[in-house]
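First comes the structure, then the notes that go with it.
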Amino acid sequence: MKKQYEETDLDISLKKLNADLLWKTKQKQELKKRIISDIEKLESQERNKNPILSTSIKKVSLIRKITYSGIALVILFSLFIGSAFISPAMAEVVSKIPFLNSIINKKPVGTIINEELSERGYKFSGPNINYPNKTIAIFVEGSNQYYKSVKGEIEGIVKDILQSNNYDAYKVKIEKYVDVPYSEEEKKHIEELEKQHKKDMVLSRALDKVFEKYHILQYGVNPNKTIEIALPDTETNTEEIKKEINNILQKTTKEKYSVKINKVDMDKRDRDKRWMTILDSITDELIGKRDYKVTLTGYSINPEPRINIWTSLNSPDSDSKEHGDNIEKILKEYLNSKEMQPLVKNDSYKINVYSKDKKKIN
Amino acid sequence: MSEYRKLEIADWYDQHSKSILSFILLMVKDYQQAEDLTHDTFVKAYLYHNSFKQHSSERTWLFSIAHNLTVDFLRKRKPSRFFKEVFLFQKDNTSLPEEMIRIKEESSELYKALGEIKDTYRKVIVLRKIKGFSIEDTAKILSWTESKVKSTLFRAIPALKKQLIKEGYLDEKTI
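Going down the list, the protein sequences come from chains A and B.
Take the first sequence: its position 264, counted from the start at 1, is 265 in this note's numbering, and no numbers get skipped.
Take the second sequence: its position 65, counted from the start at 1, is 134 in this note's numbering, and no numbers get skipped.
Structural data, given as structure tokens:
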């Protein structure tokens, strides 16, 4: 049975989908009861002067706990190491560059693999990509039986993805995921982290007002009860910001927090972002293809931007120098292209290609 | 204070629970799990009630909590649950437990096709086209930029059409 949809028909059908999904009232009410009763348990805990919203109210799985503490770590990580952030605009610039005509619009290969396997519904974690060894490992979750039944399929899919991208340098390993149970001590530690995280969240929400008012680059709560804030080095209202934060802290919490302000060199930060984006755009290509013989890539912006490429070549080989020069030439062409201008800007940069024994070969 | 909070959550539940449940259901494709995550969404809304900022609507706020929980869940599915699925039920992702929730015949094709497209496409279509969120609110919920919402939706609609064609529900010539 075929139906004639038109552009607007699809829109209408989509809107209708919401109404066409019929949820049994009984089911809805039961869930409501469950939620309200859990909330009441939380309330009674609050009344018992136990401000810590313990996880015992629900059968929270260990995985979920880990996920939560994962969130805490990710948040702290992204707050303090925010310079790893790559703006979409920059990513877009890179996607337009014909680096040997083959890295256009290419997602990192790890992402492609992860998405493809997720879409097909496999239960796995990974891929873990080990660069110097060039192995891609996928860990299959679940029973032995499941592992055996999907190992071959997953391996085939990963190999197909690599092949279609012409990445011939990787070895593929499909392994069974071994879940190591947490020790009591670790569990305790995870719970502690989670409790702390909840408190930190409350605090940082309270501070949002200040953060919205000023140009705050990053902020976060440190485990040693320090609120760390990053401000552009051009910001002059430092004292005022500190005062406002302290005011809110006094109102929100009885605990003592200190405030630490870090000034960020904006030019340097910008340069760091740009060069990280540049490096990301070339890494898959150089490492994934055997011909380049590249084992690792790196970058640094101090004192001047430079890209470091480590290869598996022996320095005494007569071909090594030529190979090193070739890589430099390819990269220079790429970096000098008009499209890369927004990322390279007027930075003068160096490209260093190294042999296996860490001698410069270009 | 907490009595008020509880009443408000109950009120929000009455208004938004179905919409949130169906959003999560479309993402995780498992009714029981969708129910659990809906539970978590409202409990979390209660816990973090203080941090709810009035400048986004409660609906947007609830959806962002639901979205975060769902993404975390998808990232780390429990192996034990997965074991049950694969070996006890031979689970068909698109079927629904009819005694709890069902979908009308006319929309079941669309529901099925939505289940088959990429996660990112699916969520942007669900939020924009099914739930009717604005670009701005969709961006808030997904923590995306507004331009990412626009460009993803732009790609998502053809992907959904393609899926409908693949399954024989849509004529190719209409595209």
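Ideal Cβ positions, reconstructed from N, Cα and C, are used throughout, including at glycine.
- Flagged as an interface residue toward chain B: A/E120, by a C-beta distance shorter than 8 Å.
- Rounded to whole angstroms, the separation of the alpha carbons of A/S338 and A/Y148 is 47 Å.
- Counting the other CB atoms within 10 Å of its CB gives B/Y73 a total below 16, which places it among the exposed residues.
- CA-to-CA, the gap between A/N315 and A/Q342 works out to about 34 Å.
- In the structure shown, A/L344 adopts helical secondary structure according to DSSP, grouped into three states.
- In the three-state reduction of the DSSP assignment, B/F132 falls in the helix class.
- Note: A/P133 is not bridge-paired with any residue in the DSSP secondary-structure output.
- According to DSSP, A/Y355 shares a beta bridge with A/W311, A/K361.
- Take A/V295, set aside five residues on each side of it, and the residues of its chain with a beta-carbon closer than 6 Å to its own are L287, I288, I310, T312, in chain order.
- The stretch 180-268 of chain A is shown to contain whole alpha helix (DSSP H) runs of 4 or more residues at 185-214, 239-253, in chain order.
- Look at A/K33: its C-beta is under 8 Å from a C-beta on chain B.
- Only residues of its own chain outside the window of five on either side were considered, and among them K135, I288, G289, K290, R291 have a CB closer than 7 Å to the CB of A/A170, listed in chain order.
- Residue-level contact by beta carbon fails for B/T207 and chain A, as no gap is shorter than 8 Å.
- Of the residues B/I194, B/L222, B/F111, the one whose Cα lies closest to the Cα of A/L32 is B/F111.
- DSSP, reduced to helix, strand and coil, places A/R121 outside both helices and strands of the structure shown, so it counts as coil.
- Around the Cβ of A/G153, a 10 Å sphere holds fewer than 16 other Cβ atoms; the residue is exposed.
- The Cβ-Cβ distance between B/K200 and B/S88 falls below 8 Å.
- In the structure shown, A/K42 adopts helical secondary structure according to DSSP, grouped into three states.
- For A/R307, no Cβ of chain B is located within less than 8 Å of the residue's own Cβ.
- Beta bridge pairing from DSSP links A/F140 with A/S126, A/E176.
- The closest CA to that of A/I175, considering only A/V211, A/V141, A/K25, A/N167, is found on A/V141.
- Judged by pairs of C-beta atoms under 8 Å, the stretch 86-100 of chain B touches the stretch 180-190 of chain B, as three or more such pairs exist.
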